[in-house]
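Residue 260 in this note's numbering is what sits at position 191 of the sequence shown, and the numbering runs on without skipping anything.
Yeah, the Cβ is synthetic: ideal placement off N, Cα and C, and Gly gets one too.
Bear in mind the structure is a predicted one, so any value in this text is a computation, not a measurement.
Encoded as structure tokens, the structure appears first; notes follow it.
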Amino acid sequence: MARSTIQVRRLIGRLLGMTIAFICALVLTLQTDWAQTGWAQSLPPEQVHPIPTILTQAVQRLNPDVEPGDYFDAIERKGVGYLVWSQFPVTVAIDALGSDRWKAQITAAVEEWQRYFPLKIVSTPETADIHIQAKRLALKPDPKTGKLPRFRSAETHYDIFVSKTSDRSDGEIRQRLSHRMTIDLAPGQADDVMLSVARHEMGHAIGLWGHSPNPNDIMYFSQVSKAPLISSRDLRTLQRVYSQPTRLGWEVTP
Ligand SMILES: [Zn+2]
């Protein structure tokens, strides 16, 4: 018995050794002015937006027998509904202060997603929908064990606010319930790690707000030694998320 316990411990040790620390936090930030100015009473009702055509086409091309199913049940629905975008392309600003190595990996991850989702890299972080920052993260104790991790590779959080925007389709000024995603991604990691972390965090930023139980999906909660590419299950889950209603992106009537 003792021996098998040791073997199990060794196995766990080996599995942990293969797992690169990948502590990924999802944080909600509600801007206080939004909560205090009475917008809560005039929130738009939850409605479904059209699904981006490029995503629908990508899912139609999938072989239903390869990586079947999805992990939609693991995706969180927030008070505003699902965290989907409705104005396309979604703009992504990559921190100009990041090193060339860091920027190359982040750009590669965004380009991988561009095959399935309308994204545009821009150089205006103030107005971008998604802002990826080269930032070392403060260590936070694990809520279960109370222990500090050795390293945190990334964190994605979102803000919700009411924006006055010129509509990208007709130029009209509209007040919309909007969100903005910020990804803090630590520099100085191995290139393949930064690429897989960026791929995963971009998944959160475009609406996969949760983690897959399957290590072959990029949205698996931990990073595995051989990082997967965007899987059929990732894409099917994303399409299901985009089929859900949300308050985001709809007009607010003051
Ligand atoms: Zn994550």
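{"Item": "Is Glu145 near ligand 1, going by C-beta to nearest heavy atom under 8 Å?", "Value": "no"}
{"Item": "Using the three-state DSSP reduction, which class does Gln244 fall into: helix, strand or coil?", "Value": "strand"}
{"Item": "Count the other CB atoms within 10 Å of the CB of Thr306; is the residue buried (16 or more) or exposed (fewer)?", "Value": "buried"}
{"Item": "I need the DSSP call for Arg25, collapsed to helix, strand or coil.", "Value": "What the structure shows of the chain is the stretch from 70 to 323, and residue 25 is not part of that stretch, so it cannot be assessed."}
{"Item": "Along the chain, where does the beta strand (DSSP E) containing Ala162 start, and where does it finish?", "Value": "Val159 to Ile163"}
{"Item": "Given Glu181, which residues of its chain have a CB within under 7 Å of its CB, disregarding the five upstream and five downstream residues?", "Value": "Arg268 and Ile299"}
{"Item": "Any heavy atom of ligand 1 closer than 8 Å to the Cβ of Met288?", "Value": "yes"}
{"Item": "With C-beta atoms as the reference, is Asp239 less than 9 Å away from Ala296?", "Value": "no"}
{"Item": "Could I get the ranges of all uninterrupted beta strand (DSSP E) runs contained in the region 128-195, with 3 residues as the minimum, in chain order?", "Value": "159-163 and 188-191"}
{"Item": "Since Gln116 sits in a beta bridge, which residues does DSSP pair it with?", "Value": "Thr315"}
{"Item": "Can the beta-carbon of Ile252 be found less than 9 Å from the beta-carbon of Gln183?", "Value": "no"}
{"Item": "Output needed for Pro210: all residues of its chain with C-beta closer than 7 Å, excluding positions within five of it in sequence on either side, in chain order.", "Value": "Lys216 and Leu217"}
{"Item": "Nearest-angstrom Cα distance between Ala255 and Thr225?", "Value": "12 Å"}
{"Item": "Note down the Cα distance separating Phe186 from Leu124, rounded to an integer number of angstroms.", "Value": "6 Å"}
{"Item": "Report buried or exposed for Glu270, applying the criterion of at least 16 other Cβ atoms within 10 angstroms of its Cβ.", "Value": "buried"}
{"Item": "Taking the CB atoms as reference points, tell me whether Asp286 and Glu136 lie closer together than 9 Å.", "Value": "yes"}
{"Item": "CB-CB under 6 Å to Tyr227, same chain, minus the five flanking residues each way: which ones, in chain order?", "Value": "His248 and Met250"}
{"Item": "What's the call for Thr193, buried or exposed, on a 16-neighbour Cβ count within 10 Å?", "Value": "exposed"}
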